[in-house]
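Counting in the numbering used here, the sequence shown tops out at residue 357, every number present. Comments concern the structure below.
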Amino acid sequence: MILNIGFSQRLGHVASLIWDNTPESSPLRSLYLDFWIFTGSSGWLRYEPNCDKEASAEFWIALAEQLSWPSNFPNLPPSTFHSPCPHRSALTILSRNTTSHSLTRIGRPNDEYRLRGDILNVLIGTEAAPFKVYKDLICASSPFFRKACQPPWKEASGVLRLSDDQPKIFEIYLEWLYLDNCPTPDQAADLFEAYFLGDKLMDLPFKNAVIDTIINKVIKKSMTPDSMASSVYKRTMPSSGLRRLLVDFYVYAAPSTWYTSKISAKDVDTAPRDFFVDIARKFVEIRHKNVGGFRPWQKDKCQYHEHPEGEPRCDNNNNNNNNNNNNNSDQAQQAKTDLFTPKPQT
Numbered sequence: 012m013i014l015n016i017g018f019s020q021r022l023g024h025v026a027s028l029i030w031d032n033t034p035e036s037s038p039l040r041s042l043y044l045d046f047w048i049f050t051g052s053s054g055w056l057r058y059e060p061n062c063d064k065e066a067s068a069e070f071w072i073a074l075a076e077q078l079s080w081p082s083n084f085p086n087l088p089p090s091t092f093h094s095p096c097p098h099r100s101a102l103t104i105l106s107r108n109t110t111s112h113s114l115t116r117i118g119r120p121n122d123e124y125r126l127r128g129d130i131l132n133v134l135i136g137t138e139a140a141p142f143k144v145y146k147d148l149i150c151a152s153s154p155f156f157r158k159a160c161q162p163p164w165k166e167a168s169g170v171l172r173l174s175d176d177q178p179k180i181f182e183i184y185l186e187w188l189y190l191d192n193c194p195t196p197d198q199a200a201d202l203f204e205a206y207f208l209g210d211k212l213m214d215l216p217f218k219n220a221v222i223d224t225i226i227n228k229v230i231k232k233s234m235t236p237d238s239m240a241s242s243v244y245k246r247t248m249p250s251s252g253l254r255r256l257l258v259d260f261y262v263y264a265a266p267s268t269w270y271t272s273k274i275s276a277k278d279v280d281t282a283p284r285d286f287f288v289d290i291a292r293k294f295v296e297i298r299h300k301n302v303g304g305f306r307p308w309q310k311d312k313c314q315y316h317e318h319p320e321g322e323p324r325c326d327n328n329n330n331n332n333n334n335n336n337n338n339n340s341d342q343a344q345q346a347k348t349d350l351f352t353p354k355p356q357t
């Protein structure tokens, strides 16, 4: 009956109703997922009223599992996930006439900029681990430090405290700041922490360098992080490049087994619903470009039916398929629009 209803009845808002009232094996769930996969659009998710954006994480996980494929990891372009800013360290910014990022230029007597001037004392972590950094250098790269070093902030006295950060993460930042090199720590989580620190310090070039380092590490190890989504979504803004990168890791590299209960990625149990919404949106964008006019419910209605054990499948699918194949593309497009696009408010 659902397959024969008028397409003016939009179904883009009933996932919660279905998932709250049917078991996991329900064919109605399968049908609704196919509706979403083959006729939904990423733009539809941007409408707040009458949509499944507020559906439970269980729905979005099921949708991502249906959309995923065996791992076929691409060489992801780092620039896709950069913030809109130059990718360079503060030392490069201060040495405007020097194009080389080599360490050898530090200390040359003829350099436009040399490491000298006021020293800023930075105390990191709960134990106040002390660091000394050239004030002009760090202020050139970090708007946070630039603001902190101006009156009337008390940090203008020459000491700045970052009690919530880790000394080992600040060391990553300093190595990049002084040497124009983002190190690769053994623990992937430390790179994510470095990105969070870059967010706090508002240092876009450093964040971009961390993104590149994460990508290079993933490509080299042929392994993608599967337990960072909760932290990333809790500590970054929706526009974050790190969010987009993590979503693409799942879309392009994660097999469907990551979503199953026995061998699932840790993110499946801990990530917020917004993470799976973003995965579903990206999947639909890709799938929508490749499936054309194919609609699985037009080909075989019986796949969504329930039959007693031993009862044969329905025999009317071929006729239904032939009838549906007679629909022209304009009708199919109109059906898609009516079914999944919220009507403008009048």
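Just so you know, even glycine gets a beta-carbon here, dropped at the ideal spot from N, CA and C.
Contact between the region 241–257 and the region 281–300 is present: three or more C-beta pairs spanning the two stretches fall below 8 Å. Threonine 235 sits away from alanine 205, with the two beta carbons spaced by 8 Å or more. With a cutoff of 8 Å on beta-carbon distance, phenylalanine 207 and alanine 75 are scored as not near each other. In this structure, the CA atom of phenylalanine 260 is about 29 Å from the CA atom of leucine 190. By the CB criterion at 8 Å, proline 216 and serine 152 fall inside the cutoff.
Annotation note: the region 199–228 contains the following uninterrupted alpha helix (DSSP H) runs of length 4 or greater, listed N- to C-terminal: 199–212. Within the same chain, Asp289, Ile290 and Lys293 come within 7 Å of valine 258 by CB-CB distance, once the 5 residues on both sides are set aside. If you draw a straight line from the Cα of isoleucine 72 to the Cα of asparagine 227, it is about 28 Å long. Taking C-beta atoms under 8 Å as the contact rule, lysine 179 and aspartate 201 qualify, at a distance of about 7 Å. For the options Gln177, Ile222, Leu171 and Val170, the alpha carbon positioned closest to that of asparagine 192 is the one of Ile222.
Alanine 140 carries a strand assignment under DSSP once its states are collapsed to helix, strand and coil. Rounded to the nearest whole angstrom, the C-alpha separation of leucine 256 and proline 154 is 25 Å. In the structure shown, valine 25 falls within a coil segment according to DSSP collapsed to helix, strand and coil. Of the candidates Asp45, Arg127, Ser27 and Ser267, Ser27 places its Cα closest to the Cα of glutamate 69.
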